[in-house]
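Notes follow the structure.
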Amino acid sequence: MGDEKRMGLAGTLMVTLVVFAVVLAAFYGLDHLIMSIQGLPLNMDLSPAG
Amino acid sequence: MSNDMSGRISWPAIFSGRLWTLLLVVMLTVAGAQTVAQAASHGMGSADSAEKRIAPVGRVQVEGQPLIEEAAAASAPEAPEPLAAPQPQRKDYPNIGVSSRAVVWIAAQMHLFFGALVLAVPLFVLVIELTGLVTKDERYDDMAHEFMKISLVGFSITAIFGGTLALALFLLYPDFMGYMMRVFGVQWLWYAALFFVESFFLYTYYYGWNALRYGNKKWVHLTLGLMLNAAGMTIMVLANSWATFMMAPSGVSETGVVTGSIWEIMKGPLWNPINLHRFIANIGFGGAVVGAYAAFKFLSTRDPKLRAHYDWMGYTSNFIAILAFLPLPFAGYWLMAEIYAYSQQMGITAMGGILAWLFIVQAVLIGTILLAGNFYLWSGMSRTEGSVRYQWMIKYIAVILVICFLTWMTPHTLILSAREISVLGGSHHHILGPLGIMPAKNIAVNLMLIVTFLSFQLYRRSDKVAVVPWASAANACMVAIYLVAIANIIFVGVYYGYFTNTVYKVGSSVIQVASTLVVIISGLVIDGFLYKGAKRLPSHWGQVSDRSQYALFALPIAFTWLMGLMGYVRSSVKTHWHVYTVMKDNSPDNFIPTIGYAGNMITLVTILFLLFVLFMFWIANLSSTRQTRPTTAEGGAVA
Amino acid sequence: MNVLAKSMIFSVGLTLVFTLVANLLPQVEGEAPVEEEVDLGSLTMDDFVTLGESLFMGKGTCTLCHKPAPLGRAPDIQGDNMVEVAKERLVDPRYQGKATSPEAYIRESMVDPSAYVVAGWGKKGSNDSESPMPHVDKPPTALSGLEMDAIIAWLEAKDGNEITVALPTMEASAEVAVVAPAGGGLPAPAATPEEAVTKYGCQACHTLLGSSASLGPALDDVGDRLEPEQIRQSIIAPDAVITEGYTSGVMPQDFAGKMTVQELEMIVKLLAEQKQ
């Protein structure tokens with residue numbers, strides 16, 4: 229949904245990948261945060277801790 | 017872009033901008049409320065602290081030490097006032113030949129429909145008026161005035177049904193009302209007084225509209241509107257406290273003896289969740305009803321100018337309705353969580369007991385609302401030429417909506433009785449079982465909300481072209497947020513919902529809600545910056561299909577029916593109690609009626625409401641109708 | 022066709038669709054619990070067990086939570102052999118309750134659910150120290166001792182265990198009368214002190230005879246604190262002297278008018294003997 233005229237294909241791909249990684253990390257953190265607020269900690273692989 | 021472009025900012029965009037901010041505030045409020053609800057449920061562990069606090073007391077205070085004979089003599093003759101809640105028997109309930117509950121049901125529901133309408137309309141009218149003031153665009157002011165005009169008679173109708181309801185309650189449930197009067201005492205006077213206050217501000221606000229139109233006087237007018245809303249809101253929360261007291265009494269002992277102050281009685285565990293839920297729902301309901309008015313006027317005229325006006329009015333109404341509707345499930349979630357925290361028994365009666373089938377009907381209604389809202393947005397894209405860029409996505413949105421809708425409708429597995437289990441051949445349906453339980457429904461509901469927001473976002477984008485250099489990065493970010501949020505909702509729902517324990521299942525639904533909120537909030541923020549000073553494509557109000565207007569009729573009908581249905585469940589979770597655990601309902605109607613009976617009742621009140629709303633609109637148009645003076649020629653012809 | 026007619030047909034049609042959906046669903050009525058009159062004279066153990074089952078499924082509202090595994094919000098009582106389960110609980114080091122037999126354990130679970138919380142079923146955040154289950158002897162469930170006995174009898178019988186609960190005797194009739202005040206007429210005077218206490222529901226608010234209610238002051242040590250005269254006064258005129266930490270106006274004022282002289286004396290005597 230954008231106009232990618234200003235950047236080359238490689239640049240666009242790069243930006244897309246970086247943005248995707250950042251968003252993924254943010255949601256991963258969000259999952260940990262929300263569950264720990266509720267006293268339900270998670271392991272690194274998001275399985276219930278303990 | 018050219019200078020004259022940036023100078024001329026079109027009005028719907030600005031208007032929407034203000035409302036987006038409002039949406040943000042509402043969303044954040046709900047998010048905050050969520051946190052509070054979570055915190056509260058953590059505090060649940062301290063429920064026994066009260067017991068500890070007043071654990072065995074060793075010391076006894078003896079004042080005066082009167083002789084026992086004296087004490088007995090002193091207390092025996094003066095018959096003590098009946099302090100506990102009365103426990104009327106069946107013969108104590110007046111019998112009028114028809115079901116008392118049905119009579120009260122109809123009166124209460126009509127009062128509630130109109131009450132909700134006249135509380136909501138001044139609220140968004142005030143916001144629209146303020147928008148008009150800020151943008152200096154008189155069309156807002158005129159539309160706000162028109163909204164007020166068409167709902168004005170609603171205030172009288174509300175009062176009439178309120179009086180009818182009170183009369184019916186006092187006649188048909190005298191013991192119960194006597195007890196409520198005793199518990200709430202002086203609060204009733206405040207309630208009555210507030211009606212006078214509200215009427216004062218209502219009439220000054222409406223009739224002073226043109227007299228207080230410009231300059232400082234406009235601020236006086238806005239203040240009147242604010243006071244009108246303040247009075248209305250106070251009336252609503254007072255009335256809510258009666259309903260929540262009946263569901264979860266506070267400030268009284270186990271036998272119903274008043275032990276707390278009026279504030280403790282009002283501030284029960286369900287009061288604020290109901291307040292928030294009704295507040296938001298009222299706005300959506302009000303928006304939907306005035307939207308139907310606009311649609312009706314749109315269809316009734318061929319004049320392009322009027323069609324443009326009513327198209328815009330209908331769009332605005334739909335905008336308000338959907339905007340209020342999106343956070344509603346979260347408010348409902350909080351209410352349900354508080355009900356469970358108050359009494360697990362009550363929560364299960366609502367969600368897993370005989371009332372559980374009702375949520376299938378609820379799914380049909382909410383599905384209707386979302387489909388109608390989305391359909392209206394898609395139709396609205398025809399107003400602008402820039403929408404072709406996004407048309408291809410509509411079919412995917414539609415497919416996701418329908419799949420989620422069907423998942424949501426899949427019957428919940430229930431246990432009603434041993435007999436029913438044997439009929440079903442087990443408590444689970446073999447194939448539908450996994451789709452029928454909560455995690456699947458949570459996924460479906462959140463995805464429906466997300467794609468509805470996507471429709472919204474696409475509609476808003478359809479008449480703009482971003483000019484900022486980082487547009488493609490922002491778009492990549494938006495796409496990533498949508499995809500990751502959807503993946504997260506599905507992953508969390510499936511993993512915690514089916515493969516871990518119950519505690520994690522419940523806890524993970526908060527993640528799903530948060531993911532949805534992240535999409536909505538980041539969508540608003542990103543688009544807010546992305547389209548600052550964007551190039552605008554021409555759009556044409558009034559250029560929309562007649563068929564799309566029927567979505568604006570579907571919305572209020574589904575809203576009205578939904579309110580009726582939720583009223584049925586809210587009242588039914590009390591089971592056979594007038595005031596839960598305190599005052600038993602021994603009337604002939606103390607059972608929970610079947611969903612079919614309730615459906616017929618709800619249809620009856622919905623159609624009644626429809627007729628009264630038609631009357632209200634008719635009255636509003638009557639004032640601007642002027643009979644042409646009969647000419648002598650005509651007079652002669654008659655003679 | 023004009024716009025009004027079209028829009029009305031559309032609106033009413035949509036309403037009827039919703040009505041149709043509501044009517045297509047299974048139609049279940051939520052009956053209010055009916056106070057069952059139990060004829061104690063001709064009651065057999067089979068009747069008693071049947072009564073227990075119907076109470077479990079109906080008035081007790083037990084099945085709201087106690088369901089088979091994927092749906093339940095509490096242990097699956099119907100699926101488990103409760104006598105065997107209770108025996109395991111009694112030897113569990115986590116068990117802190119007072120029961121020594123399966124029967125007593127089940128009864129304790131009903132009137133004091135937090136005495137032992139099955140791992141994983143505690144209130145959220147309480148680390149299984151507190152049960153979300155309501156006390157079944159209190160409103161809104163409010164089962165009588167007799168009704169709880171019937172449920173225990175059924176729980177024992179359904180898995181082929183020996184029924185240890187005794188059939189209710191004629192003396193329990195007062196208890197039934199308290200459960201079903203709708204019957205009209207005065208309940209029979211109580212014959213024993215315990216019966217009198219139960220008849221007037223003292224344990225509903227006070228710690229007494231095994232209850233652990235805390236709405237009113239604890240009475241299981243009242244003999245240490247008060248003279249018989251003071252106890253009598255507290256029953257006849259509850260607000261004359263208020264124990265520190267409690268409010269006046271909570272305890273019913275009309276016991277003097279309801280109790281027979283003999284009942285009052287029995288209760289006073291019983292309370293005076295409550296020493297720790």
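Line by line, the protein sequences are chains A, B and C. Position one of the first sequence corresponds to residue 229 (my numbering), numbered consecutively onward. Position one of the second sequence corresponds to residue 17 (my numbering), numbered consecutively onward. Position one of the third sequence corresponds to residue 22 (my numbering), numbered consecutively onward. Note that beta-carbon positions come from the ideal geometry of N, C-alpha and C, so glycine has one too. From a predicted model like this one, the values you see are computed outputs, not experimental measurements.
Residue i, DSSP secondary structure in three states
i         : result
Trp557(B) : coil
Met280(C) : coil
His161(B) : helix
Pro9(B)   : Look at the range of chain B in this structure, 17 to 655, and you will see that residue 9(B) is not part of it.
Asp231(A) : Summary for Asp231(A): the model assigns pLDDT 48, below 50, so the residue's position carries little reliability, and this model does not support an answer.
His227(C) : coil
Arg645(B) : coil
Lys600(B) : strand
Lys551(B) : strand
Val404(B) : helix
Ala665(B) : The requested residue 665(B) does not occur in the structure, where chain B is confined to residues 17 to 655.
Ala55(B)  : With a pLDDT of 41 at Ala55(B), under the threshold of 50, the modelled position of this residue cannot be trusted, and the question is left open.
His87(C)  : strand
Val132(C) : helix
Lys283(B) : coil
CB contact check: residue i to chain B, cutoff 8 Å
i         : result
Met242(A) : no
Asp273(A) : no
Ala53(C)  : yes
Cys86(C)  : yes
Ala201(C) : Summary for Ala201(C): the model assigns pLDDT 39, below 50, so the residue's position carries little reliability; its value from the coordinates is reported in the next sentence. Output row for Ala201(C): interface = no.
Leu237(A) : no
Thr82(C)  : yes
Span separating the alpha-carbon of residue i from that of residue j
i         : j         : result
Tyr326(B) : Thr239(B) : 28 Å
Phe217(B) : Lys165(B) : 15 Å
Asp149(C) : Ala95(C)  : 12 Å
Val143(B) : Ala136(B) : 11 Å
Val467(B) : Leu339(B) : 14 Å
Ile262(A) : Trp235(B) : 43 Å
Phe472(B) : Lys521(B) : 30 Å
His594(B) : Ser269(B) : 15 Å
Pro238(C) : Ile257(C) : 16 Å
Leu546(B) : Ala490(B) : 7 Å
Ser32(B)  : Ser603(B) : For Ser32(B), the predicted structure reports a pLDDT of 43, less than 50, and the residue's modelled location is therefore unreliable. A value from the coordinates is still provided. The alpha-carbon atoms of Ser32(B) and Ser603(B) are separated by roughly 51 Å.
Residues that residue i contacts on chain A, provided the C-beta gap is smaller than 7 Å
i         : result
Tyr520(B) : Leu268, Pro276
Test: residue i CB closer than 8 Å to a CB of chain C
i         : result
Ser269(B) : yes
Gly383(B) : no
Leu99(B)  : yes
Ala118(B) : no
Within chain C, partners of residue i - CB distance below 7 Å
i         : result
Thr622(B) : Thr36
Limits of the unbroken alpha helix (DSSP H) element including residue i
i         : result
Val246(A) : 237-265
Cys420(B) : 407-425
Ala574(B) : 562-588
Asp153(B) : Unbroken run through Asp153(B): none, as it is neither H nor E.
Asp67(C)  : 66-78
Ser640(B) : From DSSP, Ser640(B) is part of no alpha helix (DSSP H); its letter is neither H nor E.
His325(B) : 320-341
Proximal residues of chain B, C-beta to C-beta of residue i below 8 Å
i        : result
Val42(C) : Ile376, Val377, Val380, Gly615
Extent of the continuous beta strand (DSSP E) to which residue i belongs
i         : result
Val595(B) : 593-595
is_contact[residue i, chain A] using C-beta, thresh 8 Å
i         : result
Asn256(B) : no
Ala489(B) : yes
Gly48(B)  : With a pLDDT of 48 at Gly48(B), under the threshold of 50, the predicted position of this residue should be treated as unreliable, and no value is reported.
Thr516(B) : yes
Gly523(B) : yes
Chain B contact residues for residue i, given Cβ-Cβ distances below 9 Å
i         : result
Leu258(A) : Asn504, Ile527, Ala530, Ser531, Val534
Contacts that residue i makes with chain B (C-beta to C-beta distance below 7 Å)
i         : result
Gln48(C)  : Thr610, Ile611, Gly612
Val132(C) : Under the 7 Å cutoff, chain B gives no residues; its nearest Cβ is about 15 Å from Val132(C).
Under 8 Å by beta carbon: chain C residues contacting residue i
i         : result
Thr619(B) : Thr36, Leu37, Phe39, Thr40
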